[in-house]
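Residue numbers (the numbering used here): 153 to 408. Even glycine gets a Cβ: it sits at the ideal position worked out from N, Cα and C. In what follows, a single structure is set out as structure tokens and then discussed.
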Amino acid sequence: MTWYSGLALLVAASIAGQAVAQLPPGYWDVDRSQPLLDRTLEITLAPDLASLEDSELRAVQRLLEAGAILHRMYEAQKHDQAPYAFEALNELVTIDSPTALDNLQRLFRLFRGPIATTLDNERLAFLPVSPESPGKAVYPEGISALEVENFMARGLNTGDILGDRSVVRRATLRNLRQDIGSLQDYPVLGTLHPGLGERLARLVQNPDPNVLYAVPYSVAWAPSVVRIYDLLREASDLMQATDADFAAYLRLRAHD
153 MTWYSGLALL
163 VAASIAGQAV
173 AQLPPGYWDV
183 DRSQPLLDRT
193 LEITLAPDLA
203 SLEDSELRAV
213 QRLLEAGAIL
223 HRMYEAQKHD
233 QAPYAFEALN
243 ELVTIDSPTA
253 LDNLQRLFRL
263 FRGPIATTLD
273 NERLAFLPVS
283 PESPGKAVYP
293 EGISALEVEN
303 FMARGLNTGD
313 ILGDRSVVRR
323 ATLRNLRQDI
333 GSLQDYPVLG
343 TLHPGLGERL
353 ARLVQNPDPN
363 VLYAVPYSVA
373 WAPSVVRIYD
383 LLREASDLMQ
393 ATDADFAAYL
403 RLRAHD
């Protein structure tokens with residue numbers, strides 16, 4: 153054996169050692185994922201963009217980026233471990249199971265998160281995450297409807313607990329500091345939600361995990377929402393010259 157062939161074997165062995173020979177525990181193999189995918193149909197939308205102006209193409213790029221952020225927010229609302237599970241899945245290197253890995257990525261896109269509805273109509277995790285919670289990630293983990301009802305019966309003014317665009321949290325010091333920090337980092341949110349800062353300031357003086365409070369999506373996911381706002385405003389500006397009505401529509405959506 154020559155020195156360079158021996159070196160090549162060492163390099164190959166090193167690469168193989170860094171890869172995962174099979175999927176780790178908690179990841180569905182092909183036998184579990186393929187039957188579900190065989191029952192699905194994927195449609196690819198590929199419109200011809202050749203007729204668009206340069207400004208319109210740049211507006212499309214902003215809208216696609218905003219859509220991707222909204223999609224990740226939706227996944228996080230359905231399961232609080234979705235962002236980390238998705239990142240871990242994409243970083244997983246396999247030698248023996250490339251098809252299994254591809255299947256799991258497709259399932260994640262299909263079900264918008266790590267929980268699938270099986271052919272037996274069961275909701276099961278296909279990645280190593282905790283079981284699905286009835287309150288998804290917009291209510292505290294493990295909370296029951298009875299606890300929410302009992303808390304509301306106490307008549308405490310801690311925000312719109314049942315709001316359509318609200319996230320309910322326990323009034324722990326960590327949660328309160330996080331939300332107060334978001335209001336401090338993005339002062340415009342305090343203007344859009346008058347009274348929220350004062351309410352959080354009162355709660356942080358006496359944190360209590362048995363107390364529930366609600367914050368709007370824009371505070372719960374402040375960096376993402378502010379970025380979406382900027383992208384929609386930029387897209388609106390880019391569209392102003394060629395389609396003023398659509399530009400106005402985008403400005404309105406930025407303020408939703």
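Distance, residue j Cα to residue i Cα
{"i": "Gly-294", "j": "Glu-284", "result": "10 angstroms"}
{"i": "Arg-306", "j": "Glu-299", "result": "11 angstroms"}
{"i": "Leu-383", "j": "Ile-221", "result": "10 angstroms"}
{"i": "Arg-261", "j": "Gln-357", "result": "42 angstroms"}
{"i": "Val-182", "j": "Asn-302", "result": "45 angstroms"}
{"i": "Tyr-401", "j": "Ala-268", "result": "35 angstroms"}
Residue from the options whose Cα sits closest to the Cα of residue i
{"i": "Arg-403", "options": "Ala-393, Asp-389 and Thr-394", "result": "Asp-389"}
{"i": "Asp-232", "options": "Gln-257, Val-281, Leu-276 and Asp-190", "result": "Val-281"}
{"i": "Tyr-226", "options": "Leu-276, Ala-372, Pro-359 and Glu-208", "result": "Ala-372"}
{"i": "Ala-399", "options": "Thr-251, Ala-211 and Arg-184", "result": "Ala-211"}
{"i": "Glu-205", "options": "Asp-395, Ala-406, Asp-408 and Pro-375", "result": "Asp-395"}
{"i": "Ala-374", "options": "Leu-344, Ala-353, Ala-387 and Asn-362", "result": "Leu-344"}
{"i": "Tyr-338", "options": "Ala-228, Ser-376, Ala-268 and Asp-312", "result": "Ser-376"}
{"i": "Thr-324", "options": "Pro-199, Asn-362 and Leu-276", "result": "Asn-362"}
{"i": "Ser-207", "options": "Asp-397, Ala-387, Tyr-401 and Asp-408", "result": "Ala-387"}
{"i": "Asp-408", "options": "Leu-341, Leu-355 and Ile-313", "result": "Leu-341"}
Residue i, buried or exposed, once every other Cβ within 10 Å from all chains shown has been counted against 16
{"i": "Ala-366", "result": "buried"}
{"i": "Asn-273", "result": "exposed"}
{"i": "Ser-185", "result": "buried"}
{"i": "Pro-176", "result": "exposed"}
{"i": "Ser-334", "result": "buried"}
{"i": "Asp-331", "result": "buried"}
Beta carbon of residue i nearer than 8 angstroms to that of residue j
{"i": "Leu-209", "j": "Leu-216", "result": "no"}
{"i": "Leu-271", "j": "Pro-187", "result": "yes"}
{"i": "Arg-379", "j": "Ala-406", "result": "no"}
{"i": "Leu-355", "j": "Leu-328", "result": "yes"}
Kindly confirm or deny that the stretch 285-292 and the stretch 183-196 touch, where touching means at least three C-beta pairs closer than 8 angstroms. No, the stretch 285-292 is not in contact with the stretch 183-196.
Counting Cβ pairs closer than 8 angstroms, one from the stretch 390-398 and one from the stretch 233-244, do we hit at least three? No: the two stretches stay apart, fewer than three of their Cβ pairs being nearer than 8 angstroms.
Does the stretch 316-336 come within contact of the stretch 363-378, defined as at least 3 CB pairs closer than 8 angstroms? Output reads yes: the stretch 363-378 touches the stretch 316-336.
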